[in-house]
Every structure is written in structure tokens, then in C-alpha cells.
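Residue numbers (this note's numbering): 8 to 249.
Note that the Cβ used here is the ideal one computed from N, Cα and C, for glycine as well.
Below is one structure, written out as C-alpha cells; the observations come after it.
What follows is the structure in C-alpha cells.
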């Protein structure tokens with residue numbers, strides 16, 4: 008049988024397909040299939056266990072010395088209590104060597120602290136405050152003493168010996184001139200007594216007696232018939248008829 012030319016390639020392809028199906032190696036489908044080799048797990052380094060963070064207690068910071076200058080000791084104790092610092096860590100001493108701190112010194116003023124303000128206080132540290140009764144005494148110090156006379160180094164100034172007063176000779180007593188008798192007529196004074204002249208207050212003029220202020224400088228006849236003047240005698244005070 009003649010095959011048309013244009014069908015020849017198709018026929019050849021069919022022949023080749025039949026030949027391939029009959030001549031290749033046949034596989035027995037009834038044999039059990041060989042299972043594939045199991046993959047051997049590769050040993051890998053196990054990750055190290057990470058330690059979980061452990062909660063740590065927060066340490067309480069040490070307290071610091073508060074500002075105590077110019078406060079009273081009682082106020083300092085209250086400040087320690089307010090900051091949760093034990094008041095047993097507060098000790099007191101006198102600011103000056105010649106002052107004894109009394110038992111009740113709550114009202115005394117703080118001049119200085121040791122250790123100073125802002126210093127951190129360890130567990131066994133105490134604070135010593137120096138006290139004075141008056142705050143103005145904080146700035147007074149004579150080598151650590153409140154009173155200069157108590158300072159052993161103090162030397163009191165020498166006092167100059169008083170100069171003796173010059174000896175003065177006593178003033179000579181004035182010499183009274185011997186009165187000379189004088190003439191005159193007797194009179195009766197307002198007080199009813201006789202004399203030769205009357206004073207401003209109505210008495211006879213008597214030599215040596217006191218004279219009134221109104222008669223100062225007057226010269227009259229005394230009862231002994233001598234002329235006397237109401238004058239001042241430094242050796243005989245006050246004014247007299249003389």
C-alpha cells in the first residue's frame with residue numbers, strides 16, 4: 008500500500024513510539040518500593056540556657072548631714088527625725104572651753120557641726136554640734152574661750168600708778184581787823200531788841216552772826232559798836248556780819 012507523502016512523518020513517529028514501549032527495561036511494579044533513606048539528624052549544639060535576671064534589692068543611700076547652723080538643738084533633733092536619721096547619732100558639746108553645757112540645752116544655738124553640712128553619714132558615724140547660749144557668742148572666741156580673762160595667753164594691760172596730788176599749803180586764814188568802836192545812838196529793832204542798827208529781817212546787827220541775802224554788802228553798826236559788813240568769808244560760811 009502506498010502511503011501518501013504527506014502522511015510519512017506521522018507514520019514514522021508512531022513506529023518509533025511502539026518500539027520504545029516494547030524494548031526498554033521493565034520495572035516490576037509488584038516489588039515493594041525501597042523506602043528512601045531516612046535523613047540522619049545532624050547533631051547541633053544546643054543553645055545555652057539564658058539565666059533569667061534576678062531581682063536585686065535597691066540599696067538605700069546613706070543620709071547626709073542637714074543644714075543645722077543657727078538652729079537650736081531641739082530643732083536639730085526634729086530635723087533628724089524628719090529625715091529618718093536616728094537622734095542618737097546627734098551629740099552636743101559647748102562651743103567654748105570655759106563654758107559648761109547644761110543638762111537642758113535644747114534652747115542653745117548651733118555654731119558648728121562635725122562633720123559638716125552635706126557629708127554622707129555611714130552607719131557608724133555621729134554628728135557633733137557645738138552650742139552657745141546666745142547665737143551672737145558663736146563669733147566670739149579668745150583662743151577658744153568665751154571670756155578673754157579665761158584665756159591663759161591673755162596678759163592684762165598694766166595700769167599706771169596714780170600720780171600723787173601735789174601738796175598744797177593751806178591757805179592762810181584771813182586776818183580779821185580789830186574792829187574800832189564807832190559812835191551811834193541805840194535803837195529798838197522790830198523784834199523788840201535794842202541795838203545800833205537793824206537787819207533787813209528786823210533784828211539787831213550782831214558781829215559774827217549770819218546775815219540775810221538782802222543785807223549782802225551792807226555795812227552797819229553792830230551791838231558792840233563796831234562797823235561790820237554782810238560779806239562772805241571762805242573760812243566761815245555762809246555770809247556773816249564781819
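* To do: Just mark residue 146 as buried or exposed, buried being the case when its beta carbon has 16 or more other beta carbons within 10 Å.
  => For this step, residue 146 is matched to residue 139 along the chain shown. When all chains shown are included, residue 146 counts as exposed.
* Asked: Closest to residue 219 by CA distance: which of 200, 203, 239 is it?
  -> Taking the first residue of the chain shown as position 1, residue 219 is located at position 212. Among 200, 203, 239, the Cα nearest to that of residue 219 is on 239.
* To do: Please determine if the stretch 165-172 and the stretch 110-124 are in contact, where contact requires at least 3 C-beta pairs separated by less than 8 Å.
  => no
* To do: Drop a sphere of 10 angstroms on the beta-carbon of residue 257, count the other beta-carbons inside from all chains shown, and report buried for 16 or more, exposed for fewer.
  => Lying before the first or after the last residue shown, residue 257 is absent from the chain, which here runs from 8 to 249.
* Excluding the 5 residues preceding and the 5 following residue 227 in the sequence, name in chain order all residues of the same chain whose CB lies nearer than 6 Å to its CB. => Here residue 227 is taken as the residue at index 220 of the chain shown, counted from 1. The residues are 204, 212.
* Which of helix, strand or coil does DSSP assign to residue 144? -> The residue given as residue 144 occupies position 137 in the chain shown. It is helical.
* Asked: Looking at C-alpha atoms only, which residue of 87, 102, 152, 142 is the closest neighbour of residue 133?
  -> Position 126 of the chain shown holds residue 133. The residue with the shortest Cα to Cα distance from residue 133 is 87.
* To do: Taking 8 Å as the threshold, find out whether the stretch 113-124 comes into contact with the stretch 76-86 through three or more Cβ pairs.
  => Contact between the stretch 113-124 and the stretch 76-86 is present, because at least three Cβ pairs lie under 8 Å.
* To do: Can you give me the start and stop residues for the beta strand (DSSP E) that residue 99 sits inside?
  => As a first step, residue 99 is located in the chain shown; it is residue number 92 there, counting from the start. 97-101 is the extent of the beta strand (DSSP E) around residue 99.
* To do: Work out the CA separation of residue 202 and residue 236 for me, nearest whole Å.
  => Within the chain shown, residue 236 is the residue found at index 229, counting from 1. Within the chain shown, residue 202 is the residue found at index 195, counting from 1. About 16 Å.
* To do: From the DSSP output, in three-state form, read off residue 221 for me.
  => The count along the chain shown starts at 1 and reaches residue 221 at position 214. Here residue 221 sits in helix by DSSP.
* Does the beta-carbon of residue 100 have 16 or more other beta-carbons within 10 angstroms, so that it is buried, or is it exposed? -> Counting from 1 along the chain shown, the entry for residue 100 is found at position 93. Result: exposed.
* **Closest by C-alpha distance to residue 95, when choosing among 151, 144, 83, 246** => As a first step, residue 95 is located in the chain shown; it is residue number 88 there, counting from the start. Among 151, 144, 83, 246, the Cα nearest to that of residue 95 is on 83.
* Identify the continuous alpha helix (DSSP H) that holds residue 66 and give its terminal residues. => In the chain shown, residue 66 corresponds to position 59, counting from 1. From DSSP, residue 66 is part of no alpha helix (DSSP H); its letter is neither H nor E.
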